[in-house]
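Taking it in order: structure first as C-alpha cells, then the write-up.
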Amino acid sequence: MIAAFEGWNDANQAATNVVRHLVSHYDSHEVRHIRCDGYYDYQVARPMLCNVTGRRRLLWPQTTFYEIRLDATHTVFAQIAPEPNYRWRDYCHESMRIAEELDVRHIVTLGSMFADCPHTRPLPLDISSDKCQCEMDREYSGPVGIPTVLDCMACDEGFATTSMWASIPQYLGGDECAQATIEMLQALSRIIGIELDCGDLLERADAWRRKATALMQCNDELTAYVQRLEHDYDMSDKARKIAHLGAPAAEQLVREAEEFLRHGEL
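Heads up: the sequence shown runs through residues 206 to 471, numbered per this note's numbering.
This is the structure in C-alpha cells:
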C-alpha cells in the first residue's frame, strides 16, 4: 500500500501526485474511506463547495483508499488524504486496520521536502526500510509528519515498511515538481517489480527544468547559488562513490577537499 498526505509532508505536491498519477493512469477504483469527523480542523482543512450538474455539493476532507490494477498480475493499494490535524495514533491504527482488511503486508509512505539541492542534478531521494535506514533517518532529530508516524507504527505492528522522501530545490517556489514524482515512481518500480509508466510526467519534468534554468539565468545571485549547490552535490556524490573503493582513494578525496578549502571559492 502506497500512502501520501497533502500538506507539510508534500512539497510541490510531488508525493501525492504519485498516487494521483497511478489512479488516473491505471485501472483503479475506490475501495475504502476514513470519515473526516474527529481528525480535521475545518479552519485548516476546509470543506470545498463545488457544482455538479447544476447542484451544489460540499466536499469534506477525507481519506480515500484505491485499488490500482497495474497489469494482469500486479495490484497495489493507495491511500491519499490531507494530513490529519488530530488523533494521529487513532488515525494510523484505523489505516492499518484497513490495510489488514485488504491483505496488505507492505506499506510504503511517500513524502517530499524542500532542500538545498540543484535542479540541474538528479533530485535526492532518501529511502529507508524496516531493514535498512538511509543517512537522513540515521542523523535527523526533529519534528515529523504523519508519513513518519504511520511508518513507525506500521513497523511496530509487523508490516514490512518503506519510507521514501524526495528533495526539491527550495529556491523554485510552489510549482508542481514532476521530476520528484518521477524519481519516486522509478523507486516504486523497483520495489513492486514492474516498470511504472510515467506518462506525460516526462514532458512536465522537462518543462520544469527549462523554467528553472530560465529563472536562474535571469538572476546572477541565483546562478552563483546554484553553482555552489552543484559543487556541493558533486563533492558529496564523489565521496559516496570513493567510500566504497578503500583507503587510498579516500585519502585522495581528503587531499582534494583540503586543496579546495585552501583556495576558497570556486
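Glycine included, C-beta positions come from ideal geometry on N, C-alpha and C.
The three-state secondary structure of V431, taken from DSSP, is helix. Each residue's CA atom was taken as its position, placing P327 and D215 some 19 Å apart. For the pair V228 and Y430, the Cα-to-Cα distance works out to about 38 Å. In this model, P323 and G363 are separated by some 38 Å (Cα to Cα).
For N290 against D246, the beta-carbon gap comes to about 4 Å, under 8 Å, which counts as contact. Under the three-state reduction of DSSP output, W370 falls in the strand class. For H234, the number of other beta carbons within 10 angstroms of its own is below 16, and it is reported as exposed.
Counting along the chain, the unbroken beta strand (DSSP E) around D331 starts and ends at 330–334. CA-to-CA, the gap between L264 and M253 works out to about 5 Å.
In the three-state reduction of the DSSP assignment, P323 falls in the coil class, being assigned neither a helical nor a strand state. For R433 and T325, the gap between their C-alpha atoms comes out near 12 Å. Scanning the region 342–428 for uninterrupted beta strand (DSSP E) segments of 3 residues or longer gives 365–374, listed from N- to C-terminal end. The alpha helix (DSSP H) runs of length 4 or more contained entirely in the region 265–325 are, from start to end of the chain, 293–306.
By the Cβ criterion, the region 407–420 is in contact with the region 375–384, since at least three pairs of Cβ atoms, one from each stretch, lie closer than 8 Å. Per DSSP, V257 is one residue of the beta strand (DSSP E) stretching across 253–257. Per DSSP, the continuous beta strand (DSSP E) segment holding V236 begins and ends at 232–239. In terms of CA proximity to T221, A383 leads the group A383, G398, E272. The C-alpha of M369 is placed about 17 Å away from the C-alpha of R310. Around the beta carbon of Q248, fewer than 16 other beta carbons lie within 10 angstroms, which makes this residue exposed. In the three-state reduction of the DSSP assignment, A444 falls in the helix class. Between L275 and I396, the gap from beta carbon to beta carbon reaches 8 Å or more.
Look at A216 here: in three-state DSSP terms it is helix. Where A208 is concerned, the enclosing beta strand (DSSP E) starts and stops at 207–211. By the C-beta criterion, the region 353–360 is judged not to be in contact with the region 383–393, since fewer than 3 inter-stretch pairs fall below 8 Å.
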